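Going by our numbering, the residue at position 9 of the sequence shown is 9; the numbering climbs one at a time, nothing skipped.
Backbone N, C-alpha and C fix where the C-beta goes; we use that ideal spot for every residue, glycine too.
Every value quoted in this text rests on a predicted model; they were computed, and no experiment measured them.
What follows is a short report on a single structure.
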Amino acid sequence: MAAIYEYTGVVKKVQPTQTFNSGFTKRELVLTDDIDSTSRFPNVIAFTFKKDNCSLLDSVQEGQRVKVRFAIDGREWTNPQGQVKYFTDLTALKLEILSGDGSSVEPMPTPAEAADGIADVGSDDFDPPF
């Protein structure tokens, strides 16, 4: 089973859904450090929502504070010239919108429910869109 992580931050950008020739869809959510952070150089982190999870971002707006539950997904790919490339992706599984006081607006699933959402992570039926 893949390890599941959480990250809390402020929405910087919600990218539009991308659809590839294979029918695969993905959408990125870009977060910065939490609103309480005093960092001079904030982290900017992109999370990828795949397939049906793209719709989780439909009501998310820039400036909102959110918590993302994600898995780290890695791939090896050999291009037509024979060069091997490696890709690392933060695959988002669940999204929780937080209120101003840090409490949850939406209930976070239990770990057992979250595990159901990682069936696609690392599966052999995933065909990279590149």
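C-beta contact flag for residue i and residue j at 8 angstroms
i: valine 60; j: leucine 29; result: yes
Cα-Cα separation between residue i and residue j, rounded to whole angstroms
i: glycine 63; j: lysine 50; result: 22 angstroms
i: proline 42; j: arginine 69; result: 20 angstroms
i: threonine 25; j: glycine 82; result: 26 angstroms
i: proline 80; j: threonine 48; result: 25 angstroms
i: tyrosine 7; j: leucine 31; result: 9 angstroms
i: valine 11; j: arginine 65; result: 6 angstroms
i: threonine 17; j: glycine 23; result: 12 angstroms
i: alanine 131; j: arginine 40; result: There is no way to answer for residue 131, as the model of the chain reaches only from 1 to 130.
Beta strand (DSSP E) segment containing residue i, residue limits
i: valine 68; result: 65-78
i: threonine 38; result: Counting along the chain, threonine 38 falls outside any beta strand (DSSP E), and DSSP gives it neither H nor E.
i: threonine 91; result: 84-98
i: glutamate 28; result: 25-32
i: glutamate 6; result: 5-14
DSSP state of residue i mapped onto helix, strand, coil
i: aspartate 52; result: helix
Residue from the options whose Cα sits closest to the Cα of residue i
i: glutamate 76; options: Tyr5, Thr88, Arg65, Ala3; result: Thr88
i: leucine 95; options: Val84, Leu57, Asp73; result: Leu57
i: lysine 13; options: Glu6, Arg27, Phe20, Ala2; result: Arg27
i: leucine 98; options: Gly23, Asp34, Asn21; result: Asp34
i: isoleucine 45; options: Gly9, Lys85, Val84; result: Gly9
i: tyrosine 5; options: Asn53, Asp73, Val84; result: Asp73
i: threonine 19; options: Arg40, Thr38, Ala3, Cys54; result: Cys54
i: alanine 71; options: Leu90, Thr78, Tyr86; result: Leu90
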